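First comes the structure, then the notes that go with it.
There are 2 protein chains.
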Amino acid sequence: MCMNPEGASSPRAAVRREGRVTINDIAALTGVAASTVSRALSRPDRVNRVTRERIQAAARELNYVPNTQARALSSGRTETVALLVSDATNPFYFGLIRGAQQQLRAAGHALLLIDTEDSAELENHLLHKVRRSVDGVILAASRLPEQTLSVIAAELPVVTVNRNVPGVRSVVIDSPDGVMQAVEHLVSLDHRAIAYVAGPPSSWANEARWRAMRTAMARHGLTAARIGPFGVSRSSGSVAADALLNTGATAGVTFNDLLAIGILRRLAERGVDVPGEISVVGCDDIFGADFCSPPLTTLTAPIEQAGRVAVSMLLDHLEHLGETASRQTVLLPTHLTIRQSSGPAPRR
Amino acid sequence: MCMNPEGASSPRAAVRREGRVTINDIAALTGVAASTVSRALSRPDRVNRVTRERIQAAARELNYVPNTQARALSSGRTETVALLVSDATNPFYFGLIRGAQQQLRAAGHALLLIDTEDSAELENHLLHKVRRSVDGVILAASRLPEQTLSVIAAELPVVTVNRNVPGVRSVVIDSPDGVMQAVEHLVSLDHRAIAYVAGPPSSWANEARWRAMRTAMARHGLTAARIGPFGVSRSSGSVAADALLNTGATAGVTFNDLLAIGILRRLAERGVDVPGEISVVGCDDIFGADFCSPPLTTLTAPIEQAGRVAVSMLLDHLEHLGETASRQTVLLPTHLTIRQSSGPAPRR
DNA sequence: AACCGGGTGGCAATCGGTTGCCATTAATTG
DNA sequence: CAATTAATGGCAACCGATTGCCACCCGGTT
Chain A
1 MCMNPEGASS PRAAVRREGR VTINDIAALT GVAASTVSRA LSRPDRVNRV TRERIQAAAR
61 ELNYVPNTQA RALSSGRTET VALLVSDATN PFYFGLIRGA QQQLRAAGHA LLLIDTEDSA
121 ELENHLLHKV RRSVDGVILA ASRLPEQTLS VIAAELPVVT VNRNVPGVRS VVIDSPDGVM
181 QAVEHLVSLD HRAIAYVAGP PSSWANEARW RAMRTAMARH GLTAARIGPF GVSRSSGSVA
241 ADALLNTGAT AGVTFNDLLA IGILRRLAER GVDVPGEISV VGCDDIFGAD FCSPPLTTLT
301 APIEQAGRVA VSMLLDHLEH LGETASRQTV LLPTHLTIRQ SSGPAPRR
Chain E
1001 MCMNPEGASS PRAAVRREGR VTINDIAALT GVAASTVSRA LSRPDRVNRV TRERIQAAAR
1061 ELNYVPNTQA RALSSGRTET VALLVSDATN PFYFGLIRGA QQQLRAAGHA LLLIDTEDSA
1121 ELENHLLHKV RRSVDGVILA ASRLPEQTLS VIAAELPVVT VNRNVPGVRS VVIDSPDGVM
1181 QAVEHLVSLD HRAIAYVAGP PSSWANEARW RAMRTAMARH GLTAARIGPF GVSRSSGSVA
1241 ADALLNTGAT AGVTFNDLLA IGILRRLAER GVDVPGEISV VGCDDIFGAD FCSPPLTTLT
1301 APIEQAGRVA VSMLLDHLEH LGETASRQTV LLPTHLTIRQ SSGPAPRR
């Protein structure tokens, strides 16, 4: 058996639709049905070894690339994962994007990047829009209310990052624990008046950090001041710095590094010595935290790892859709990295 | 997929079915044919106003979201654009991603982010893989040889960033012009021995900057030294710094800010005063360039704008596929931002 | 000789839209 | 008033895969 009797016309067809090779072309070339080609390529054990190898060889020869839309349409699997971030310019997300990207590529999946511009409404809208074009989504710092999140998680595989909602898989960076380390560090340096510089109220992590801060302070019989909320950009740092000085605190723990770096700049501008007059501790250890001036003492978060783990959890979930997850939440440890923005409390 | 007529039999299908509204549902509700619904939604002028409005109302009521794969399959348009970057953690790309993302969202398109990990081979492979899943691609700092690039551009709409290949649309940041400004700046401060700290040899921009540097120096009867190539990471900065000192130059112009920041750190480590003993000028003005120590004198590039323009060019090209482009290349101006890493040449 | 069952491969329906072509109807014109 | 034309909407054939179901082949049983 053999050659396709109309063999003469098939190479021509291949040429005509250059670059558009379909399973039908392979089927014609090998003399089997398209369905067999499909199986040979996606469920190799369903077809005889000899046939399979002939098909695979033909596919290679024709430089066949499966059409993802067609595959998605019939199978429902898109091999694409969406990553929603609230602001693509926030360096915190760079690591996350990188980690996610790495892990996805290893699994042969694509990454759809979505910027929600810090708006819950837009987040919800875009989520609905891509709902059917992806196999699952990773929500980094979602601004959505718990209930909405639960609803979405029910109709689409979801993994959140730094956000804990019952019934939704998540990877959480344990910055509360880090905040406690930071407080210990500062208290050991004789700081007694420490302020928390808060980020956006809609941020789950923000509240978690604040709670940890209060708890840690209480252990030493101290009370933490709280200022904010501030936007998470360096420019908000100026306002935050001034407010921080007004509290009379000798040290500030900030919601994130972006804010901390902004504060450092403003303090330098005002001639306030860091850490001589006031200590500043950031959170996340983003790009730049090690070379700003002075280098920032901060909670080092395993951001890239968080991205990788989030993807792993999601893909794992996709493979065992029926079953209930063994682990719903992964907590990643942080540690305090002491640099030069923190030091002994000034003598009063 | 041969689903039994009763529909949802497996739990998975049940979940997947919910919220799954198709044009057929709308057609049934409004009593028209599916094709009319399709037209009402994607080519509104093809259907009567009354019918159209009834259909649109029904679509809204049912919370209809078109299935992108199905649309893509039949129409060939995916409304998705791929952005290929050589390294998602390089801050230079953050701005690019942001700009691209903004402009794409405005046009209702999605962004597929692809990290080529600085490998031409991987770049080519991934490009082939997504070829049919996107309407076009933006290649940021492509490592591909010219010829390959031309071939790809012939079968897929392409816009390159910072890479000029005949016949391929591109947006180029005019850093060569900026390099000249930098040289003028340094020469005016009495620097005579200036070195160029080169980046990856496969980078088109790298060569362009070096040429500009030589030209600018020649104008003053000077000759530029060249060291490198170095990797574009901060860690490469250490090696680069040492090499820079060995040249005896009083100033260095670096391929990019990442490298420059690495150099600054190494110089500080070795106790070399910047700009007292040596001046350093970077390129790009990435996140961090303004708050490193000392703040970096650098060529400010309109990175976000580059991302936006690249997307505009691509979408524009997509809309007028037949016609020849009016403008093949857009050149974006840069300017020198003088901070504290450059100063008068030391007296010898 | 009739039967059984695993391994293979083909048929055809299906995923959800898009679009060329045609029929119908309404509007315009000589 | 008949005839030409434009606007509108339906039919049905795709787009390129996936997959449930069934037929067939073949060796091994009873």
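Just so you know, the sequences run in chain order A and E.
According to my numbering, the first sequence is numbered sequentially starting from 1.
According to my numbering, the second sequence is numbered sequentially starting from 1001.
A virtual CB, placed ideally from N, CA and C, is assigned to each residue, including glycine.
These figures come from a predicted structure and were not determined experimentally.
DSSP bridge partner residues for residue i (one or two, in chain order)
i              : result
residue 1064/E : None; residue 1064/E has no bridge partner.
residue 115/A  : 85/A
residue 1226/E : 1196/E
residue 284/A  : 300/A
residue 252/A  : 195/A and 280/A
residue 1259/E : None, per the DSSP bridge assignment.
residue 138/A  : 83/A and 159/A
residue 1331/E : 1172/E
DSSP state of residue i mapped onto helix, strand, coil
i              : result
residue 1089/E : coil
residue 8/A    : Reliability fails at residue 8/A, whose pLDDT of 33 lies under 50, so the model's placement of it is uncertain and the value that follows must be treated cautiously. DSSP places residue 8/A in coil when its eight states are reduced to three.
residue 23/A   : helix
residue 169/A  : strand
residue 1279/E : strand
residue 1338/E : coil
residue 13/A   : Caution is warranted here: a pLDDT of 33 is assigned to residue 13/A, below 50, making its placement in the model unreliable, and no coordinate value can be reported.
residue 231/A  : coil
residue 1050/E : helix
residue 352/A  : No answer is possible for residue 352/A: the residues shown for chain A start at 1 and end at 348.
residue 78/A   : coil
residue 1151/E : helix
residue 1040/E : helix
residue 1058/E : helix
residue 1003/E : Only weak support is given to the placement of residue 1003/E: the predicted model assigns it a pLDDT of 38, under 50, and the value that follows is read from those uncertain coordinates. Looking at residue 1003/E - three-state DSSP - the assignment turns out to be coil, as it is neither helix nor strand.
residue 349/A  : Because residue 349/A is not part of the residues shown, which for chain A are 1 to 348, the question remains open.
residue 1045/E : helix
residue 1221/E : coil
residue 1125/E : helix
residue 236/A  : helix
residue 1032/E : coil
residue 164/A  : coil
Distance between beta carbons of residue j and residue i, contact taken as under 8 angstroms
i              : j              : result
residue 1232/E : residue 1256/E : 6 angstroms
residue 1296/E : residue 1339/E : 6 angstroms
residue 1140/E : residue 1084/E : 6 angstroms
residue 1081/E : residue 1135/E : 6 angstroms
residue 1097/E : residue 88/A   : 6 angstroms
residue 143/A  : residue 235/A  : Not really, about 20 angstroms apart at Cβ, beyond 8 angstroms.
Cβ-based neighbour list, residue i, same chain, cut-off 6 angstroms, excluding 5 preceding and 5 following
i              : result
residue 1252/E : 1195, 1197, 1244 and 1280
residue 171/A  : 161, 306, 309, 310 and 330
residue 1187/E : 1220
residue 1254/E : 1197, 1260 and 1282
residue 1237/E : 1259, 1262, 1263 and 1266
residue 1040/E : 1047, 1052 and 1055
Beta-carbon contacts of residue i that lie in its chain and below 7 angstroms, excluding the five residues immediately before and after
i             : result
residue 74/A  : none
residue 301/A : 173, 175, 284, 285 and 334
Residues near residue i by beta carbon distance below 8 angstroms, same chain, minus five either side
i              : result
residue 1247/E : 1193, 1195, 1225 and 1227
residue 1177/E : 1212, 1333 and 1334
residue 112/A  : 80, 81, 82, 83, 130, 133 and 134
residue 1294/E : 1264, 1274, 1275, 1339, 1340 and 1341
residue 1065/E : 1021
Members of the stretch 1095-1125 of chain E that neighbour chain A once the beta carbon cut-off is set at 8 angstroms: When C-beta distances to chain A are compared with 8 angstroms, the residues of the stretch 1095-1125 of chain E below that value are 1095, 1097, 1098, 1101, 1102, 1105, 1110, 1111, 1112, 1113, 1114 and 1115, in chain order.
Under 9 angstroms (Cβ pairs) to chain A, residues found in the stretch 1023-1034 of chain E: Those residues of the stretch 1023-1034 of chain E that come within reach of chain A (Cβ to Cβ, closer than 9 angstroms) do not exist; the list is empty.
Residues from the stretch 281-294 of chain A in contact with chain E, defined by Cβ distance under 7 angstroms: Of all residues in the stretch 281-294 of chain A, 287, 288, 291, 292 and 293 have a Cβ within less than 7 angstroms of some Cβ in chain E.
Positions along the stretch 65-78 of chain A whose CB lies within less than 8 angstroms of some CB in chain E: Listed in sequence order: 65, 67, 68, 69, 70, 72, 73, 74, 75, 76 and 78.
Interface residues of the stretch 240-261 of chain A facing chain E [CB-CB below 9 angstroms]: Correct list: 261.
Residues of the stretch 1080-1093 of chain E with Cβ closer than 7 angstroms to any Cβ of chain A, in chain order: So the close ones are 1088, 1089 and 1091.
Where the stretch 1326-1345 of chain E meets chain A: residues whose CB sits under 7 angstroms from a CB there: Per Cβ criterion, the list is empty.
Interface positions of the stretch 260-279 of chain A facing chain E (Cβ-Cβ less than 8 angstroms), listed along the chain: The stretch 260-279 of chain A vs chain E, Cβ under 8 angstroms: 261, 264 and 265.
Contacting positions in the stretch 1130-1146 of chain E - beta carbon closer than 8 angstroms to chain A: Cβ contacts with chain A: 1130, 1131, 1132 and 1133.
Chain A contacts made by the stretch 1169-1191 of chain E, where a contact means CB separation under 8 angstroms: The stretch 1169-1191 of chain E vs chain A, Cβ under 8 angstroms: nothing.
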